[in-house]
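Taken in order, these protein sequences are the chains called A and B.
If you're matching positions, the first sequence starts at 273 in our numbering and goes up one per residue.
If you're matching positions, the second sequence starts at -6 in our numbering and goes up one per residue.
Only one structure is covered here, and it is reproduced in the block below.
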Amino acid sequence: MTKPIRLALAALLLPAAVMAGAAATSPVYKLRHDNFEAMGRAMKGTFDEFKKATPSIPVIQANANALAAAAVKVKGHFPKGTGPRPGVKTEALPAIWERPADFAAAADRLVGATRGLQAAAATGDLARIQPAAGAVGGSCKNCHDTFRKPKS
Amino acid sequence: MTASSSATTPAGTPVRLWDLPVRLVHWSFVVGIGLLWWSAENHRMDLHFKVGLVMLGLVLFRLLWGLVGSSTARFTSFVKGPAAIRAYVAGQKAGTAAHVVGHNPLGALSVLALIGVLALQIGLGLFAQDTDAVNSGPLNFLVSYDLAKEISEIHEAVFNVILGLVGLHLAAILYYRFIKRDNLVSPMLTGRRVFAEAVATPRIGPLWLALVCAVVATALAVWVSWGLPPFATPFPWDRPAAAAAVPPPSSYM
């Protein structure tokens, strides 16, 4: 290989190498991002049904299950050293690692709320499901207010 | 009802060019685009939704008024084909073209582009959502999270198209003002302008017809903002009481 070609190849591969390096050091950034997105998807799926002329209880139940499955993972998705740092895109605030007991309590509240929604969804009674879904939303906000970067 | 109606206005006499509805809609667009930009940048989504709804009504009104309104507001009177546009541009270069009362064939493209991109942007906004999918447009519940995410990204990108078209619009106004010595802003404020030659008098649509269009446009916009009841969702007054007791997700995210 001539020198210019080698240089061009290096320039092409460098960003990929940097990205691969970042991913190798902390796959948890993407894991937790995807987990929160799954919760957002399930929350939308739940609240969309409330708006529809004929809400589907099975759809709500599936979303409640997805929320509960994602909620239990949250606490383990923030190991030490995975906070905000240069070159990493994250909305996690340092408060997560500075106040671990408070963060754990907030994550537990989410788990409890999603189990409550699962139980309400199992009854098939919208009058029970809607306040339970509201409680899940409240537990999202409870954590976001303290531990997530405000939207700038 | 074309510009070739029988009545003419002699040179030097002010012509009623832009009717009140056209001017109100035009300046409301200016304020509305500014407010929509500001509210989106500052996460004032409550305001963004209200102004978006008003803009939806304004665009619907302008489309209706473009069918039944004053001659200078009607699409059929100012939208021309490529041949007419080329002939107009050639006439301008040669200095032989007669004054156009209303939108000229080239400017008509700008009108169509601006109204079209506003309609597109409002349409996308109806389905858009924020990262938590809790601040969402009134029709967001009809599409999946992933489709709404794509729509939201396009909604953001289309704003740059709007900025570009507004920039072009302003550049054209400055070109007319300083190169062609033609003030386009004051007729859009007063509705009147003087021509150096006798011109066909535009036919101004009656105000009662504008009010009918405004009522129809408002009703359509409100209906959309309610989520297209009764097909997709119940009317607000038909919703179960429990739904009202639960705070909307936007209040706790």
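Heads up, the beta-carbon is just placed ideally off N, CA and C, and yes, glycines get one too.
Residue i, buried or exposed, once every other Cβ within 10 Å from all chains shown has been counted against 16
i: L51/B; result: buried
i: G130/B; result: buried
i: L53/B; result: buried
i: V15/B; result: buried
i: S328/A; result: exposed
i: K423/A; result: exposed
i: V136/B; result: buried
i: Y168/B; result: exposed
i: W58/B; result: buried
i: G233/B; result: The sequence as given places Pro at residue 233/B; Gly does not occur at that position. Exposed is the call here.
i: N176/B; result: exposed
i: R357/A; result: exposed
Reference residue i; option with closest CA among the options
i: A399/A; options: V300/A, L303/A, F322/A; result: F322/A
i: G5/B; options: L213/B, P227/B, F188/B, W201/B; result: F188/B
i: A336/A; options: P422/A, P356/A, K423/A, A407/A; result: A407/A
i: R381/A; options: A404/A, A394/A, P356/A, D397/A; result: A404/A
i: R387/A; options: W369/A, K347/A, A342/A; result: A342/A
i: P252/B; options: T65/B, V61/B, P3/B, M38/B; result: Because residue 252/B is not part of the residues shown, which for chain B are -6 to 246, the question remains open.
i: F152/B; options: K43/B, L28/B, A0/B, W20/B; result: L28/B
i: K142/B; options: C206/B, L117/B, G160/B; result: L117/B
i: S298/A; options: A340/A, T326/A, G355/A; result: G355/A
i: C412/A; options: Q402/A, P358/A, L339/A, A393/A; result: L339/A
i: V18/B; options: A207/B, Y138/B, A33/B; result: A207/B
i: L158/B; options: N176/B, F134/B, F171/B, S103/B; result: S103/B
i: W20/B; options: A33/B, D39/B, V205/B, R55/B; result: R55/B
i: I108/B; options: A225/B, A203/B, I26/B, K86/B; result: I26/B
i: L119/B; options: L111/B, A106/B, N133/B; result: N133/B
i: E146/B; options: F171/B, G160/B, Q114/B, L156/B; result: Q114/B
i: D306/A; options: V331/A, K345/A, P330/A; result: K345/A
i: D125/B; options: R304/A, A377/A, A310/A; result: A310/A
i: A395/A; options: P330/A, F350/A, G410/A; result: Here residue 395/A is Thr; the residue named in the question, Ala, does not match the sequence. The residue with the shortest Cα to Cα distance from T395/A is P330/A.
Terminal residues of the beta strand (DSSP E) in which residue i lies
i: R185/B; result: 185 to 187
i: R387/A; result: Careful: R387/A lies outside any beta strand (DSSP E), inside the alpha helix (DSSP H) at 372 to 395.
i: V18/B; result: Taken as a continuous stretch (DSSP letters only), V18/B belongs to no beta strand (DSSP E), being part of the alpha helix (DSSP H) at 13 to 34.
i: V8/B; result: 7 to 9
9 Å Cβ cut-off: residues of chain A touching residue i
i: P229/B; result: Per Cβ cutoff of 9 Å: no residues; P229/B is ~11 Å from chain A at best.
i: A225/B; result: K323, K324, A325
Backbone secondary structure at residue i - three-state DSSP
i: A207/B; result: helix
i: A364/A; result: strand
i: A193/B; result: strand
i: A(-4)/B; result: At A(-4)/B, the pLDDT of 44 sits below 50, so the modelled position is not reliable; the number obtained from the coordinates is stated separately. The answer is coil: DSSP assigns A(-4)/B none of H, G, I, E or B.
i: R170/B; result: helix
i: R79/B; result: helix
i: T1/B; result: strand
i: R313/A; result: helix
i: R420/A; result: strand
i: M226/B; result: Contrary to the premise, residue 226/B reads as Thr rather than Met in this sequence. Reduced to three states, the DSSP call for T226/B is coil.
i: V290/A; result: At V290/A the pLDDT is 44, less than 50, meaning the model places this residue with poor confidence; the figure from the coordinates comes in the next sentence. Of the three classes helix, strand and coil, the one that applies to V290/A here is helix, per DSSP.
i: N176/B; result: coil
i: L221/B; result: coil
i: N153/B; result: helix
i: T69/B; result: helix
i: R357/A; result: coil
i: D320/A; result: helix
Where residue i meets chain B, residues with beta-carbon distance less than 9 Å
i: K316/A; result: Q122, D125, A126, V127, S129, N133, F134, S137, Y138, A141, P242
Under 7 Å by beta carbon: chain B residues contacting residue i
i: R313/A; result: Y138
i: D320/A; result: F134
Listed by chain order, chain A residues near residue i by CB distance under 8 Å
i: H36/B; result: K423
Under 7 Å from the C-beta of residue i: neighbouring residues of chain A
i: G220/B; result: K323
Unbroken alpha helix (DSSP H) run spanning residue i, endpoints
i: W58/B; result: 38 to 61
i: L135/B; result: First-last for L135/B: undefined, no H or E at that position.
i: F120/B; result: 98 to 120
i: P330/A; result: 329 to 343
i: V346/A; result: Here V346/A belongs to no alpha helix (DSSP H), and DSSP marks it neither H nor E.
i: S298/A; result: Element bounds for S298/A: n/a, residue is neither H nor E.
Contact list for residue i against chain B, beta-carbon separation under 8 Å
i: D306/A; result: Near D306/A there are no residues of chain B at all, since even the closest Cβ is about 13 Å away, more than 8 Å.
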